[in-house]
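J.:
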Amino acid sequence: MSLAIAALDVRLGGRAILSDITLSLERGTLVGLVGPNGAGKTTLLRTVAGLVAPTEGRVNLDGMPLKGISRDARAKRIAVLFQGAGAGWPMQVRDLVALGRLPHRRAFGGLDGADHAAINRAMTRTDVARFAERTEPTLSSGERMRVLLARALAVEAEWLLADEPITALDPAHQLDAMTLLRSVARAGTGVVAVLHDLSLAARFCDRIVVLGEGRVAADGHPDVALTDRLLSDVFGVTVCRGAGPDGTPYILPWNRSGPHPEDIDAAFPHQP
1 MSLAIAALDV RLGGRAILSD ITLSLERGTL VGLVGPNGAG KTTLLRTVAG LVAPTEGRVN
61 LDGMPLKGIS RDARAKRIAV LFQGAGAGWP MQVRDLVALG RLPHRRAFGG LDGADHAAIN
121 RAMTRTDVAR FAERTEPTLS SGERMRVLLA RALAVEAEWL LADEPITALD PAHQLDAMTL
181 LRSVARAGTG VVAVLHDLSL AARFCDRIVV LGEGRVAADG HPDVALTDRL LSDVFGVTVC
241 RGAGPDGTPY ILPWNRSGPH PEDIDAAFPH QP
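Take 1 as the starting number for the sequence shown in UniProt numbering and just add one per residue.
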């Protein structure tokens with residue numbers, strides 16, 4: 001079962017955001033989608049989710065064009081987590097997570113036993129069950145992100161698309177979230193996560209897709225995709241590499257590989 005992206009172009013407001021993207025994504029794999037700001041990562045996730053229409057190319061879900069699958073059917077099969085996707089009013093945490101079950105419910109129907117079980121599983125796995133009765137405005141940014149991840153997991157979809165799921169999390173919960181995403185993938189879900197922490201991406205992801213200026217700059221195992229040359233060319237940084245206590249390699253961005261801010265200031269002095 002796969003998501004196939006073929007010759008995908010996306011233009012928004014007359015500007016090219018994505019160009020000639022071709023990828024084949026398989027379930028059971030945690031894919032890290034990385035790249036500098038403005039590379040088109042979120043737009044790619046939104047297009048794969050069917051929320052943005054491609055200008056050219058296509059997205060197929062298990063061989064069927066995504067645009068030919070109804071919105072309700074897509075919502076059952078593809079769960080999404082995007083930044084700023086809260087309720088917008090003081091809803092209790094448990095009710096917010098329960099929104100993830102909407103694709104499985106009949107119109108005006110209540111939650112059944114399967115829904116409650118899915119909600120409980122999602123809240124336990126994301127460590128938010130202990131504040132189930134709190135309202136969204138009382139949550140910290142990190143707590144809120146975990147609640148939104150729980151809502152996405154409650155769908156129990158074939159695919160999970162997560163835009164910066166570890167943003168605002170403290171180090172312990174970042175590790176928990178990455179471990180959880182990997183375990184979700186190991187259980188058979190296809191997981192694509194936009195990440196900015198290159199070390200966590202290299203440590204936990206089975207595959208890295210690097211976007212640069214709207215194009216695929218690299219695609220493969222972290223050792224293959226995150227080379228020194230690519231990190232310099234795409235991210236503009238040099239890195240330090242090492243290994244953790246268990247031998248797992250890590251990457252630390254260390255210096256800019258291009259002009260430093262002070263060099264730019266020297267070249268273009270401020271006018272009085």
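Ideal Cβ positions, reconstructed from N, Cα and C, are used throughout, including at glycine.
Could you give the first and the last residue of the continuous alpha helix (DSSP H) run that contains L198?
T.: 198-204
J.: Residue ranges of each beta strand (DSSP E) run of no fewer than 3 residues wholly in the stretch 96-182, ordered along the chain?
T.: 159-163
J.: Between T138 and F204, what straight-line distance do the alpha-carbon atoms span, to the nearest angstrom?
T.: In this model, T138 and F204 are separated by some 31 Å (Cα to Cα).
J.: Count the other CB atoms, across all protein chains shown, that sit within 10 Å of the CB of A187; report buried if there are 16 or more and exposed otherwise.
T.: exposed
J.: Is the stretch 191-202 touching the stretch 147-163, taking contact as three or more C-beta pairs under 8 Å?
T.: yes
J.: Secondary structure at R11, three-state DSSP: helix, strand or coil?
T.: strand
J.: For the candidate residues S141, P90, L44, whose alpha-carbon lies nearest to that of L169?
T.: S141
J.: When the Cα of N37 is compared with those of F235, D223, V52, M64, which residue comes out closest?
T.: F235
J.: DSSP state of T189, grouped into three classes?
T.: coil
J.: Whole angstroms are fine: how far does the CA of A6 sit from the CA of V59?
T.: CA-to-CA, the gap between V59 and A6 works out to about 7 Å.
J.: Would you decide whether A218 is buried or exposed? Buried here means 16 or more other CB atoms lie within 10 Å of its CB.
T.: buried
J.: Taking only beta-carbon positions, decide if D9 is within less than 8 Å of chain B.
T.: Considering every chain present, this structure includes no chain B. It has just one protein chain.
J.: Using only the alpha-carbon positions, how far apart do G28 and G35 sit?
T.: 23 Å
J.: On the CB-based measure, 16 or more other CB atoms within 10 Å of its CB, does M64 come out buried or exposed?
T.: exposed
J.: With H, G and I counted as helix, E and B as strand and the rest as coil, what does DSSP make of L49?
T.: Looking at the sequence provided, one finds Ala at residue 49 rather than Leu. Three-state result, A49: coil.
J.: From R15 to P54, what distance separates their C-alpha atoms?
T.: Computed Cα separation, rounded: 13 Å.
J.: Whole angstroms are fine: how far does the CA of P165 sit from the CA of R94?
T.: 19 Å
J.: Have a look at L231 and S257 and give me their C-alpha separation to the nearest angstrom.
T.: 9 Å
J.: So V224 is in the alpha helix (DSSP H); what residue range does that whole segment cover?
T.: 222-225
J.: Nearest-angstrom Cα distance between M91 and V239?
T.: 43 Å
J.: Give me, in chain order, the residues of the same chain whose beta-carbon lies closer than 7 Å to that of W226; leave out the 5 immediate sequence neighbours on both sides.
T.: The identity of residue 226 in the sequence shown is Leu, whereas the question assumes Trp. Within the same chain, L226 has close Cβ partners L198, A202, I208, I251.
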